[in-house]
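Take a look at the structure below.
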Amino acid sequence: MSSAQSLRAWQREAFDQYARTQPADFLTVATPGAGKTTFALTIAADLLHRRVIERVVVVAPTEHLKSQWAQAAARSGIALEPNLSGALGARFDGYCVTYAGLATNPVGHRVRIERSRTLVILDEIHHAGDALSWGDAVLEACEPAVRRLALTGTPFRSDDNPIPFVTYAPMGDGSISSVADYAYGYGSALKEGVVRPVLFMAYSGEMQWRTSAGDEVSARLGEPLTKDQTAQALRTALDPNGSWVPAVLQAAHKRLLEVRRDIHDAGGLVIASDQTSARAYAKLLKELTGTEPTLVLSDEPGSSARIAEFAAGTDPWMVAVRMVSEGVDVPRLAVGVYATTVATPLYFAQAIGRFVRARRRGETASVFLPSVPGLLKLAADLEAERDHVIGRPVHDEADLFAAEEALMARANAAEGASDELGNQYAAIGSEASFDRVLFDGDEFSPIDYEMVAGDGDELDFLGIPGLLERDQVAELLRSARARKREDAPARAEADVEYERRAELRRQLNSLVAAWHHRTGSPHGVTHNRLRHECGGPAAAQATTDQLKHRIDTLRDWALRASG
Numbered sequence: 007m008s009s010a011q012s013l014r015a016w017q018r019e020a021f022d023q024y025a026r027t028q029p030a031d032f033l034t035v036a037t038p039g040a041g042k043t044t045f046a047l048t049i050a051a052d053l054l055h056r057r058v059i060e061r062v063v064v065v066a067p068t069e070h071l072k073s074q075w076a077q078a079a080a081r082s083g084i085a086l087e088p089n090l091s092g093a094l095g096a097r098f099d100g101y102c103v104t105y106a107g108l109a110t111n112p113v114g115h116r117v118r119i120e121r122s123r124t125l126v127i128l129d130e131i132h133h134a135g136d137a138l139s140w141g142d143a144v145l146e147a148c149e150p151a152v153r154r155l156a157l158t159g160t161p162f163r164s165d166d167n168p169i170p171f172v173t174y175a176p177m178g179d180g181s182i183s184s185v186a187d188y189a190y191g192y193g194s195a196l197k198e199g200v201v202r203p204v205l206f207m208a209y210s211g212e213m214q215w216r217t218s219a220g221d222e223v224s225a226r227l228g229e230p231l232t233k234d235q236t237a238q239a240l241r242t243a244l245d246p247n248g249s250w251v252p253a254v255l256q257a258a259h260k261r262l263l264e265v266r267r268d269i270h271d272a273g274g275l276v277i278a279s280d281q282t283s284a285r286a287y288a289k290l291l292k293e294l295t296g297t298e299p300t301l302v303l304s305d306e307p308g309s310s311a312r313i314a315e316f317a318a319g320t321d322p323w324m325v326a327v328r329m330v331s332e333g334v335d336v337p338r339l340a341v342g343v344y345a346t347t348v349a350t351p352l353y354f355a356q357a358i359g360r361f362v363r364a365r366r367r368g369e370t371a372s373v374f375l376p377s378v379p380g381l382l383k384l385a386a387d388l389e390a391e392r393d394h395v396i397g398r399p400v401h402d403e404a405d406l407f408a409a410e411e412a413l414m415a416r417a418n419a420a421e422g423a424s425d426e427l428g429n430q431y432a433a434i435g436s437e438a439s440f441d442r443v444l445f446d447g448d449e450f451s452p453i454d455y456e457m458v459a460g461d462g463d464e465l466d467f468l469g470i471p472g473l474l475e476r477d478q479v480a481e482l483l484r485s486a487r488a489r490k491r492e493d494a495p496a497r498a499e500a501d502v503e504y505e506r507r508a509e510l511r512r513q514l515n516s517l518v519a520a521w522h523h524r525t526g527s528p529h530g531v532t533h534n535r536l537r538h539e540c541g542g543p544a545a546a547q548a549t550t551d552q553l554k555h556r557i558d559t560l561r562d563w564a565l566r567a568s569g
């Protein structure tokens, strides 16, 4: 049919499969940014045209997505009411409702659906497993539909709640796994240029915090730590009052400015853990850029309008808590900062999905994130395809899927300042340092990265449209690593120097902590005083000689105070 002429290859293949089989239920798993909405609306238009159905009902996760679906449907010639109250107007072909809205009155929606031959489109259907009440509501309301089209980009979950209208097959370990009727993964979409590759910029740095016992801890983000210490180090890094967040925001903004040289409307997104942090990040960005960023705080009034305004505009930055984690379409997003403590496979995939929609060939999205093992693992495994598994054995707390439901519940709760660690912890100070690059399933050290850049600056040209394709970027980085290995003596010297600076930073932080105990002077104040007296950049960027000078200066202060 004519409406299918402009479909991408995967969309046409899936459409043809659907047209041949004409199933009552059809599950499509397609990576974020691949075009699930266009695919579904093409099927809806075809079924309406052939009078197989008379009505279309879209069930979506959020209020914003209801409006987004209605707008996309209108472009396909289908009129959907996004805010149904009372009887459906005669000019509409159907309506949109959230999973939560469906659950408030499943019988009422069932009556609407069974009165007409209806196609129900279940967008991001894994949400039907969020709670038994939601799953029961979907079953109750949508069972009379003559057709059900289920869509998801991230079907995997850690809970054992079956997703309605999804087929499960037995696995060898006694579990059962969801079976997609058509699957189009991120790896396939990358090869076909449908989505952008993602260049992950991981930042480490020295963190200092105080425990409930009053002990002050200093550790490097990403180094082997206990589970509690890793959580505390990450939370210290994300504290807007430290130095880590401002340094990473500055690096991300520099990257965005480079992209905007070629794409004038390219935008950036900071994903925050809670509303308090989001407001603080927005304030830092305004100070850094001179422009007020768009601030989106969950489902408060006006959030959808602010997202839509940002998507259609050219402002550089948006800061959000939850609203831009799934399904929201802002194609101009090119740079991201993952500044949240939520580190589940589901949430991470949804969040990174906001940056992968391709508009021009040769683009590469850049996402800045903390260098902690869990996030690095998720970034490295971005191309892995997973299904929803029920009854899967969880062997230990380090399991990739362990405790995801609890984490997601906390992430989706009403946000205030995070109190996850209660009084067990208080951030003291932080500094950021570039740790590594993850790209194309591989990992590259700072030295690899700097060898490509030549002068040690950011790789400003990577990801600029039309310059380098994904495989060329990967080859460039791997070639630099190979050259580094050929020059073993230089590499060894660079590695030794890197470790020497790290040790001096740890020594300086310990002395600053001791000075705080003695004088009460905050860590940040002491670091700034040392920089003023000794010169040079922040400790994370300071040279060996500069660090030694600060250590000697602080020891001199201590001797004078003792005398």
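Numbering-wise, my numbering puts 382 at position 376 of the sequence shown, and it's gapless, one number per residue.
The beta carbon of each residue, even a glycine, is placed where N, CA and C say it ideally should be.
(1) Using the Cα positions of R338 and G228, report the straight-line distance between them to the nearest angstrom.
(2) Look at the alpha carbon of I470 and the alpha carbon of E369, and state the distance between them as a whole number of angstroms.
(3) For S194, tell me which candidate among D99, V35, A46 and V276 has the shortest Cα-Cα distance.
(4) Quick one: complete alpha helix (DSSP H) runs, 4+ long, within the region 83-110?
(5) Following the continuous alpha helix (DSSP H) through L227, name the residue where it begins and the one where it ends.
(6) What's the gap between the Cα of R512 and the Cα of V103?
(7) Just to confirm the assignment: which complete alpha helix (DSSP H) runs, minimum length 4, are found wholly within the region 200-272?
(8) Who are the near neighbours of K554 in its chain, counting only those whose CB is closer than 6 Å to its CB and skipping five residues on each side?
(9) Assign R116 to one of two classes, buried (16 or more other C-beta atoms within 10 Å of its C-beta) or exposed (fewer than that).
(10) Helix or strand or just coil, what does DSSP make of S436?
(11) Let me know if R267 comes out buried or exposed under the rule of 16 or more other beta-carbons within 10 Å of its beta-carbon.
(12) Going by DSSP, name the residue or residues bridged to L560.
(13) Would you kindly work out how many angstroms separate the C-alpha atoms of N418 and Y287, rounded to a whole number?
(14) Quick check on the burial criterion: 16 or more other C-beta atoms within 10 angstroms. Buried or exposed for E437?
(15) Please state the DSSP three-state secondary structure of S568.
(16) Classify S164: buried if its beta carbon has 16 or more other beta carbons within 10 angstroms, exposed otherwise.
(17) Hey, out of Q547, A432 and A545, whose CA is closest to A219's CA?
(18) I'd like to know whether the C-beta atoms of R365 and G39 end up nearer to each other than 7 Å.
(19) Which residues in the same chain as L108 place their Cβ atom closer than 7 Å to its Cβ, once the five residues preceding and following it in sequence are excluded?
(20) Among residues of its own chain, excluding the 5 on either side of E60, which ones have a beta-carbon nearer than 6 Å to its beta-carbon?
(21) Between the beta-carbon of T160 and the beta-carbon of Q356, is there less than 7 Å?
(22) Out of A80, I49 and L13, which has the shortest C-alpha to C-alpha gap to A30?
(23) Using CA atoms only, rank isn't needed, just tell me which of H132, G178, E69 and T242 is closest to Y101.
(24) Mind checking L565: buried by the 16 CB within 10 Å criterion, or exposed?
(25) With burial defined as no fewer than 16 other Cβ atoms inside 10 Å of the residue's Cβ, what is the status of D22: buried or exposed?
(26) Buried or exposed for N534, going by 16 or more other Cβ atoms inside 10 Å?
(27) Is the Cβ-Cβ distance between V327 and L240 less than 7 Å?
(28) Which partner residues does L375 have in the DSSP bridge list?
(29) To the nearest angstrom, how far is the alpha carbon of Q74 from that of I127?
(30) Can you name, in chain order, every residue of its own chain whose Cβ lies under 8 Å from the Cβ of A519, other than the five neighbours on each side?
(31) Tell me L33's beta-bridge partners as DSSP assigns them.
(32) Nearest-angstrom Cα distance between K292 and M207?
(33) Kindly indicate the opening and closing residues of the alpha helix (DSSP H) around R26.
(34) Flag this pair as yes or no: are the beta carbons of L290 and L255 separated by less than 7 Å?
(35) Between L413 and the rest of its own chain, which residues show a CB-CB distance below 8 Å, the 5 nearest in sequence each way excluded?
(36) So what's S184 in DSSP terms, helix, strand or just coil?
The relevant details are as follows:
(1) If you take the alpha carbons of R338 and G228, they lie about 31 Å apart.
(2) Caution is warranted here: a pLDDT of 42 is assigned to I470, below 50, making its placement in the model unreliable, and the coordinate value is therefore given only provisionally. If you draw a straight line from the Cα of I470 to the Cα of E369, it is about 6 Å long.
(3) When the alpha-carbon of S194 is set against those of D99, V35, A46 and V276, the nearest one is in V35.
(4) You should have 105-110.
(5) Under the DSSP assignment, L227 falls outside any alpha helix (DSSP H); it carries neither an H nor an E label.
(6) Approximately 54 Å, taken between the alpha carbons.
(7) Runs of the alpha helix (DSSP H) inside the region 200-272: 233-244 and 250-266.
(8) Once the five neighbours on either side are set aside, K554 has no close Cβ partner at all.
(9) Buried, since its Cβ has 16 or more Cβ neighbours within 10 Å.
(10) In this structure, S436 counts as strand in the three-state DSSP scheme.
(11) The residue in question, R267, is exposed, as its Cβ has fewer than 16 Cβ neighbours within 10 Å.
(12) DSSP output for L560 lists no bridge partner at all.
(13) Note on N418: pLDDT 39, under 50, position unreliable in the model; no value is reported.
(14) E437 is buried by the Cβ-count criterion.
(15) DSSP places S568 in helix when its eight states are reduced to three.
(16) Residue confidence is low: S164 scores 49 on pLDDT, short of 50, so the model does not pin down where it sits. No coordinate-derived value is stated.
(17) Nearest to A219 by alpha-carbon distance, out of Q547, A432 and A545, is A432.
(18) Inclusion of R365 and G39 in the CB contact set at 7 Å is not warranted, their separation being larger than that value.
(19) So the list reads V65, H115, A143, V144 and A147, once near-sequence residues are dropped.
(20) Beyond the five residues adjoining it in sequence on each side, E60 comes within less than 6 Å, by CB distance, of S122 and R123 in the same chain, given in chain order.
(21) Contact flag set, yes.
(22) Among A80, I49 and L13, the Cα nearest to that of A30 is on I49.
(23) Here the closest residue by C-alpha is E69.
(24) Exposed, because fewer than 16 other Cβ atoms sit within 10 Å of the Cβ of L565.
(25) D22 comes out exposed.
(26) Counting Cβ neighbours within 10 Å, N534 comes out exposed, since fewer than 16 surround it.
(27) No.
(28) The partner list for L375 (beta bridge, DSSP) reads A208.
(29) Cα-Cα distance, rounded: 14 Å.
(30) The residues Q214, E222, S224, I434 and H529, in chain order, have a CB closer than 8 Å to that of A519 in the same chain once the five nearest residues on each side in sequence are set aside.
(31) Beta-bridge analysis with DSSP links L33 to A156.
(32) The alpha-carbon of K292 is positioned some 22 Å away from that of M207.
(33) Taken as a continuous stretch (DSSP letters only), the alpha helix (DSSP H) holding R26 covers A15 to T27.
(34) Judged by beta-carbon spacing, L255 lies within the 7 Å limit of L290, meaning their Cβ atoms are closer than that value.
(35) The pLDDT assigned to L413 is 38, lower than 50, so where the model puts this residue is not dependable; a value taken from the coordinates is nonetheless given after this. Its chain contains V348, A349, T350 and Y353 as the residues whose beta carbon lies nearer than 8 Å to that of L413, once the 5 sequence neighbours on both sides are disregarded; these appear in chain order.
(36) Of the three classes helix, strand and coil, the one that applies to S184 here is strand, per DSSP.
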